[in-house]
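Heads up: the protein sequence lines correspond to chains G and W, in order.
Heads up, the first sequence is in full-length UniProt numbering, so the first residue is 1 and it goes up one at a time.
Heads up, the second sequence is in full-length UniProt numbering, so the first residue is 1 and it goes up one at a time.
Backbone N, C-alpha and C fix where the C-beta goes; we use that ideal spot for every residue, glycine too.
Just below is one structure, and these are the notes that go with it.
Number of protein chains: 2
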Amino acid sequence: MMDELLNRQQRLQQLMKQRGVDAFVITHNVGLYYFAGSMQTGYLLIPSEGEATFFVRKSVSRARSEYAGRVEPLESLTELQSRLEQERPDLYRGKELVFATEFDVLPVSYYQRLQKALPGVRWVDGTMLTRETRMIKTPYEIRKIKESAMVLHTALERSLSYIHVGMSELEMISRIEHDMRQLGHIGLMRMRAYNQQNSSGIIVSGASAAFPTSFDGPAGGEGLSAAFPFGASRRTFEKNVPILIDVGCCIDGYHIDQSRTIVFGELPDDLQYAYDAAERIAKQTETNMRAGTVCERLYLDAVTMAEAEGLVDHFMGFKADRAKFLGHGIGLELDEFPVLAEKFTYPLQPGMVIAVEPKFTFPGRGVVGTEDTYLITETGCERISMTPPGLIRM
Amino acid sequence: MMDELLNRQQRLQQLMKQRGVDAFVITHNVGLYYFAGSMQTGYLLIPSEGEATFFVRKSVSRARSEYAGRVEPLESLTELQSRLEQERPDLYRGKELVFATEFDVLPVSYYQRLQKALPGVRWVDGTMLTRETRMIKTPYEIRKIKESAMVLHTALERSLSYIHVGMSELEMISRIEHDMRQLGHIGLMRMRAYNQQNSSGIIVSGASAAFPTSFDGPAGGEGLSAAFPFGASRRTFEKNVPILIDVGCCIDGYHIDQSRTIVFGELPDDLQYAYDAAERIAKQTETNMRAGTVCERLYLDAVTMAEAEGLVDHFMGFKADRAKFLGHGIGLELDEFPVLAEKFTYPLQPGMVIAVEPKFTFPGRGVVGTEDTYLITETGCERISMTPPGLIRM
């Protein structure tokens, strides 16, 4: 595992050198896990050259058992400067130091304490450096995502034996969560974006699926109340009304994301048409995803296709509430890079893992569509989510 | 509900006036829910006098259905300044404006965007203002916390019918979560502190309960892996080994927290002694909790008592890993004010809701103790958690 971690650190170090960063201070639990294999509370200092040091507040013994690299106890943040000067004298050569940390997740007050503890440092936002490092998955990470896919598939397949007309969205998500939890799901999905929280995705049906929400996705759901205003509600499943099962899980830190549309009976003709269009968009995206394809191209092509189908107002949400993406990277967080959206000009690279989720929203009636997670390869892509594609008719 | 929300805003406005803050910008989902009854994405601007405005990015229609006050659509943060000048000309009187926001939760990059959007503003940390406002619960909030207590008690009582020797911690938390979820638990407990995440508490037994962790509490647990290093593990329950059920849930946004120690057979004598000492500390704290008592006094008295019992090295964790508190406020977040800890010199006030959790940690053997949530009243306190106190012998 240490080779794996060093490889990750070295990839970050390359980016740091390109951008003139002397050291990166990782504070966020997900970053600590990615670069040190440990989520113990502390600061992982990765210099642009040489060995990283994990300064740990709590628990030092556990950090040592999890990270084979340099672990140093840190009683208080105020010691950090003297400890750094002592252990990394090469960093302090009289010039102004440029340190990076992740501005997109670090709260202001923690940042101010870091600034105060290291007064000689100029801080820059390192968010893109870690996100870009993490967007290329290693073979180890891909195996973990596949384990997650297997757990999700097992729970979903089991759910087809008990789902019934009259069951509530809440009842179904409770049971799927229970089954995934017993298989090792940590009980929540980690999301990076501010204010986004999720336990294991959303199960939404009919009108409640198309309810407008703050959630940055094609289907938010009515949720349980204003205090948790998206995802499953107490609404029950009905005949001929689409049910969207957009769930995921997190095994050993790694997430999978997948959606299937289920219907008891038949979808109304226009919703069936939209469902088939979603499959056509998924198929086209699958065909075009390979190393070199530019992310935003895939999104724009999907919008063009939705326009040609006469469904663009319903694509990824309804009219003003449309989400402006087709898919998202996934790994240690549900919302990773790259995003299949405008202005994301990254060319796809082997090792990227992306959830592609074309969906169509019909206010008052429901959301239909599909979602699978793919691994990008040199020549194309490999579907990682394990549930067979297609509309599920009960 | 609008009266309730206005009352909360007015209490914040009083604190703002005392501290010279012209306006508060609430950005965090929990703050938005507390002051506007809505978690839609946006900025709630509360001036120190007069009406608040909820500038909403998404979803405006849902925000309007949830908040009866002033809701204004906001396309982009860059509009905020001109919208403010137009709608609140009284704020702009040529003098430097002092705005507050919550530095303890707002990520740096979001803060920088706010600073850029409102260039004439001096920003101050408003964390204490909102935490102090929220630490006094209204009758509405107390009712909600009691609903949460009822759900937890129902699930816990049911668990006593299926818990058995050989069952794993993970299996048990999965079932309790499932039962609470069906009764409306949102599937996670909201924690304010950076990097803290939790779905519904921890179930830990024997050696795994006393495993050192980064979690800031008396019992962390081994967890599922380094990627979720606290709470339930796959360890199974054994005879004569303590099981700590420290779980909570979140109903309509409000949390309850409660712990019980369970044992199949008997606790070893020294652990039984420690359990009884925990009960004595709980009882003493209960006796002393009333309006006027200073928070840190309760903590220091508990430490004195643990010393007198010869158990201070085991109190709230073992030796260096001891958590330095006895209890914590609870409400819309699991970790609210006040904290029963040193330097918390708040006198208790009627309406505070506090979880009191004396526990003793024995490395390699387990954690024993108890936890109940109390409402502070004029003359004393009222226990809100509903499960009868006492060691549960199976």
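- Take residue 220(G), set aside five residues on each side of it, and the residues of its chain with a beta-carbon closer than 6 angstroms to its own are 213, 230, in chain order.
- Following the DSSP letters along the chain, one finds residue 246(W) in no alpha helix (DSSP H) but inside the beta strand (DSSP E) bounded by residues 243-251.
- Note that the C-beta distance between residue 250(G) and residue 185(G) is below 8 angstroms.
- Judged by DSSP secondary structure, residue 256(G) falls within the beta strand (DSSP E) whose first and last residues are 254-263.
- By the neighbour-count definition (other C-beta atoms within 10 Å, threshold 16), residue 165(W) is an exposed residue.
- By the CB criterion at 8 angstroms, residue 74(G) and residue 55(G) fall inside the cutoff.
- Close CB contacts of residue 156(W) within its chain, under the 6 angstroms cut and outside five residues either way in sequence, are with 387 (chain order).
- Note on the segment 189-227 of chain W: whole beta strand (DSSP E) runs with a minimum of 3 residues are 201-205, in chain order.
- Under the three-pair Cβ rule at 8 angstroms, the segment 170-188 of chain W does not count as touching the segment 12-25 of chain G.
- Around residue 271(W), no beta-carbon contact reaches into chain G at under 8 angstroms, the shortest distance being about 22 angstroms.
- For residue 142(W), the enclosing alpha helix (DSSP H) has its first and last residue at 139-159.
- If you check the CB distance, residue 204(W) and residue 244(W) come in under 8 angstroms.
- In the three-state reduction of the DSSP assignment, residue 298(G) falls in the helix class.
- Taking a cut-off of 8 angstroms on C-beta distances, the segment 347-367 of chain G touches the segment 292-307 of chain G, as three or more cross pairs fall below it.
- According to the DSSP assignment, residue 364(G) belongs to no alpha helix (DSSP H), since it is labelled neither H nor E.
- Contact residues of the segment 56-84 of chain G toward chain W are 58, 59, 61, 62, 66 (C-beta to C-beta distance below 7 angstroms).
- Excluding its 5 nearest sequence neighbours in each direction, residue 254(G) has C-beta neighbours in its own chain below 8 angstroms: 141, 144, 145, 147, 148, 331, 332, listed in chain order.
- Distance between residue 209(G) and residue 77(W), taken at the CA atoms: about 28 angstroms.
- In the three-state reduction of the DSSP assignment, residue 118(G) falls in the coil class, being assigned neither a helical nor a strand state.
- With the criterion set as a beta carbon lying under 9 angstroms from some beta carbon of chain W, the members of the segment 204-221 of chain G are 211, 212, 213, 214, 215, 216, 220, in sequence order.
- Going by DSSP, residue 177(G) is part of the alpha helix (DSSP H) stretching over 169-182.
- Within chain W, 109 have C-beta atoms less than 8 angstroms from the C-beta of residue 127(G), given in sequence order.
- Nearest CB-CB separation between residue 177(W) and chain G: below the 8 angstroms threshold.
- Ranked by Cα distance from residue 342(W), the options 110(W), 227(W), 323(W), 290(W) are led by 323(W).
- A straight-line Cα-Cα distance of about 15 angstroms links residue 384(G) and residue 290(G).
- Closer than 7 angstroms at the C-beta level to chain G, one finds these residues of the segment 36-53 of chain W: 37, 38, 39, 40, 41.
- When C-beta distances to chain W are compared with 9 angstroms, the residues of the segment 308-325 of chain G below that value are 320, 321, in chain order.
- Under the 8 angstroms criterion on CB atoms, residue 225(G) is classed as interfacial with respect to chain W.
- Interface flag for residue 33(G) against chain W is set, since a Cβ pair is found closer than 8 angstroms.
- Taken through DSSP and simplified to helix, strand or coil, residue 54(G) comes out as strand.
- DSSP lists 168(G) as the beta-bridge partner residues of residue 236(G).
- Going by beta carbons, residue 109(W) and residue 125(G) fall inside the 8 angstroms limit.
- When 8 angstroms is used as the limit between beta carbons, residue 199(W) is near these residues of chain G: 186, 187, 188, 199, in chain order.
- Look at the segment 324-349 of chain G and you find these whole runs of beta strand (DSSP E), each 3 residues long or longer: 327-329, 336-340.
- Residue burial annotation: residue 240(G) is exposed, with fewer than 16 other C-beta atoms found within 10 angstroms of its C-beta.
- Between residue 130(G) and residue 11(G), the CB-CB gap reaches or exceeds 8 angstroms.
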